[in-house]
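Protein chains in written order, with the numbering used here: chain A, 51 to 262; chain B, 51 to 262.
Yeah, the Cβ is synthetic: ideal placement off N, Cα and C, and Gly gets one too.
2 protein chains.
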Amino acid sequence: MKLHGYFRSSAAYRVRIALNLKGIAAEHAYVHLAQGQHRTPGFAAVNPQRLVPVLEDGDIRVIQSLAILEYLEETRPEPPLLPADAAGRARVRSLAQIVACEIHPLNNLRVLNYLTGTLGANEDAKLAWYRHWIAEGLTAFEALLATDARTGDFCHGDTPGMADVCLVPQLFNARRFDAPLEAYPTILRIERSCEALPAFRAAAPGRQPDAE
Amino acid sequence: MKLHGYFRSSAAYRVRIALNLKGIAAEHAYVHLAQGQHRTPGFAAVNPQRLVPVLEDGDIRVIQSLAILEYLEETRPEPPLLPADAAGRARVRSLAQIVACEIHPLNNLRVLNYLTGTLGANEDAKLAWYRHWIAEGLTAFEALLATDARTGDFCHGDTPGMADVCLVPQLFNARRFDAPLEAYPTILRIERSCEALPAFRAAAPGRQPDAE
């Protein structure tokens, strides 16, 4: 199995955590987004969407991080990243999607570049945008955790799963842009549970060979 | 089963199509987003994230449209909206996520309001933003369809699935903002396959009781 990623891509970071949790030793290819390596013809042949992550498993190629997580869950089910019951699975997926569909898409590099480039937003306006969408999403995420008895040491129960896999990279991003996090005590408690696990720590951006 | 939606929410539109394809007669509750009904305390009790759609199935409540689609697939598997093989399932999910994680999050109402409100973007800049992210996403979507033999009458084979369920509402949105679509012939061909089916037609925004 081979993962095309970038140390600071939070979508690739999600997949790194999942691979570690499942004990899969993948080969890693590094695509330097800030240097535009994703826009080369060579990488377009790997992924026409020119985004990371891309997972290759033999001749099967999967793009989009949540699709990759579901693929890993279906083909390497142990240990599971989704609970067994349909209601629990729906809850974990909806938490993961608050990050993947509501926060991260608004704050990734190409969007920030559009804001400061095409729209001429200054640095303060860019930071305010970033923090606004972090706050919108994490406020909902915290409410969903704090009001539900299924929240445990992790987002759902006492083992890490797909929601935790998405949450931790989003918190890393939030700190990069100095977004305040003190309003989310449940989230921060769960982050500490995650950071206690080698699978999460080894996936951190600063621990990757392409880190700067 | 009860769906909280809004006629013009493309995430709710996805769920309406899926319910119709699976032959599920759900009760509908209408949340008027443009009038701010999602910000009332009553609706916050239904969904702390204050977004539609929300699906209620007995005492199970599911938010986030892709999580709802997966929940329906797991609890009402016939007819399936995902293929049987892991590679095919991954492909369909990644297509769905190009819409749900790359295009739609950048173009929904709250984001456009931030652009024109907080950032002071004018109408032309807002439209350019909208069309830019439509073009980025649909260009990748078209490339993934046009270069893959698994594309059939629909995005994956000859029966409608999760990718089609996400694509059609996105095209409705694109037309609302006059985004050009002629560069996507495969997408337009598949849209015609979808529009031939009553399940898609009956889910259209203009056919809903809360349509204006």
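Buried or exposed, going by whether 16 or more other CB atoms sit within 10 Å of the CB of residue i?
| i | result |
| --- | --- |
| ALA246 (chain A) | exposed |
| PRO263 (chain A) | Within the shown structure, residues of chain A are numbered from 51 to 262, placing residue 263 (chain A) beyond reach of any answer. |
| GLU77 (chain B) | exposed |
| ARG143 (chain A) | buried |
| THR201 (chain A) | buried |
| ASN157 (chain B) | buried |
| ASN223 (chain A) | buried |
| ALA233 (chain A) | exposed |
| HIS206 (chain B) | buried |
| GLY170 (chain A) | exposed |
| GLU152 (chain B) | buried |
| GLY86 (chain B) | exposed |
| ARG100 (chain A) | buried |
| PRO349 (chain A) | Outside the shown range of chain A (51 to 262) lies residue 349 (chain A), about which nothing can therefore be said. |
| ALA75 (chain B) | exposed |
Run down chain A in chain order and give the residues with a C-beta less than 8 Å from the C-beta of residue i.
| i | result |
| --- | --- |
| GLN114 (chain B) | ARG143, SER144, GLN147, ILE148 and CYS151 |
From residue i to residue j, what does the alpha carbon distance come to, in whole angstroms?
| i | j | result |
| --- | --- | --- |
| TRP183 (chain A) | ILE148 (chain A) | 11 Å |
| ARG111 (chain B) | LEU165 (chain B) | 32 Å |
| GLY167 (chain B) | ASN97 (chain B) | 25 Å |
| ASN70 (chain A) | SER60 (chain B) | 35 Å |
| ARG66 (chain A) | TYR80 (chain B) | 40 Å |
| ALA254 (chain A) | ALA196 (chain A) | 26 Å |
| PRO62 (chain A) | HIS54 (chain A) | A quick correction: the sequence has Ala, not Pro, at residue 62 (chain A). If I take the Cα positions, the gap works out to 8 Å. |
| GLU192 (chain A) | PRO235 (chain A) | 8 Å |
| LEU221 (chain B) | ASP135 (chain B) | 28 Å |
| PRO129 (chain A) | GLU123 (chain A) | 9 Å |
| GLY256 (chain B) | HIS82 (chain B) | 14 Å |
| VAL102 (chain A) | HIS88 (chain A) | 8 Å |
| GLU262 (chain B) | ARG58 (chain B) | 9 Å |
| ALA175 (chain A) | ASN172 (chain B) | 16 Å |
| ALA185 (chain A) | GLY138 (chain A) | 25 Å |
| PHE43 (chain B) | ALA199 (chain A) | Nothing in the structure corresponds to residue 43 (chain B), since chain B is present only between 51 and 262. |
| ASP260 (chain B) | ALA150 (chain A) | 29 Å |
| GLY211 (chain B) | THR125 (chain A) | 21 Å |
| PRO27 (chain B) | CYS244 (chain A) | A query on residue 27 (chain B) cannot be resolved here, the shown segment of chain B reaching from 51 to 262 and no further. |
Out of the options, which one is the CA nearest neighbour of residue i?
| i | options | result |
| --- | --- | --- |
| ARG251 (chain B) | B:ARG64, B:LEU53, B:SER115 and B:HIS206 | B:ARG64 |
| GLN258 (chain A) | A:LEU217, A:TYR56 and A:MET51 | A:TYR56 |
| LEU217 (chain B) | B:ASP228, B:THR197, B:GLY202 and B:LEU238 | B:LEU238 |
| ASP109 (chain B) | B:ALA249, B:HIS88 and B:MET51 | B:MET51 |
| TRP179 (chain A) | A:ARG139, A:HIS206 and A:LEU162 | A:LEU162 |
| ALA117 (chain B) | A:THR236, A:ALA213 and A:PRO219 | A:ALA213 |
| ALA229 (chain A) | A:ALA84, A:GLU106, A:THR189 and A:TYR121 | A:THR189 |
| ARG242 (chain A) | A:ALA261, A:GLY256, A:PHE227 and A:ASP203 | A:ASP203 |
| ALA84 (chain A) | A:PRO127, A:PHE227, A:LEU231 and A:ARG160 | A:ARG160 |
| PRO141 (chain B) | A:GLU152, A:CYS151, A:ILE74 and A:ILE113 | First, the residue type needs correcting, since residue 141 (chain B) is Arg and not Pro in the sequence shown. Closest by alpha carbon: A:ILE113. |
| LEU194 (chain B) | A:ARG58, A:ALA95, A:ALA75 and A:LYS72 | A:ALA95 |
| VAL215 (chain B) | B:GLY86, B:LEU105, B:PHE93 and B:LEU132 | B:LEU132 |
| GLY73 (chain A) | A:PRO127, A:PHE227, A:GLY187 and A:ARG225 | A:PRO127 |
| ALA249 (chain B) | B:ASP260, B:TYR121, B:THR209 and B:PRO91 | B:THR209 |
| PHE227 (chain A) | A:ALA146, A:GLY211, A:LEU177 and A:LEU105 | A:LEU177 |
| ALA68 (chain B) | B:ALA146, B:GLY187, B:ILE240 and B:LEU119 | B:LEU119 |
| ALA146 (chain A) | A:GLU106, A:GLY187 and A:ARG225 | A:GLY187 |
Could you list which residues in chain B have their beta carbon closer than 9 Å to that of residue i, in chain order?
| i | result |
| --- | --- |
| VAL1 (chain A) | With chain A covering only 51 through 262, there is no way to say anything about residue 1 (chain A). |
| ARG89 (chain A) | Residues of chain B passing the Cβ test: none, with the nearest at roughly 12 Å. |
| ARG139 (chain A) | ALA117, GLU120, TYR121 and GLU124 |
Name, please, each residue of chain B whose Cβ falls closer than 7 Å to the Cβ of residue i.
| i | result |
| --- | --- |
| ARG66 (chain A) | Here the premise fails: no neighbours, minimum Cβ distance about 18 Å. |
| LEU194 (chain A) | PRO98 |
| ALA190 (chain A) | PRO98 and GLN99 |
Residue i versus chain B: which residues are under 8 Å apart at the beta carbon?
| i | result |
| --- | --- |
| THR125 (chain A) | ALA136 |
What does residue i touch in chain A if you count any residue whose Cβ is under 9 Å from its own?
| i | result |
| --- | --- |
| ARG200 (chain B) | Residues of chain A passing the Cβ test: none, with the nearest at roughly 12 Å. |
Give the interface partners of residue i over in chain A, defined as CB-CB distance under 7 Å, in chain order.
| i | result |
| --- | --- |
| LEU169 (chain B) | LEU169, ALA171 and ALA175 |
task = Pull out every residue of the stretch 91-120 of chain B whose Cβ sits closer than 7 Å to any Cβ of chain A, in chain order.
result = PRO98, GLN99, ILE110, VAL112, ILE113, GLN114, LEU116, ALA117 and GLU120
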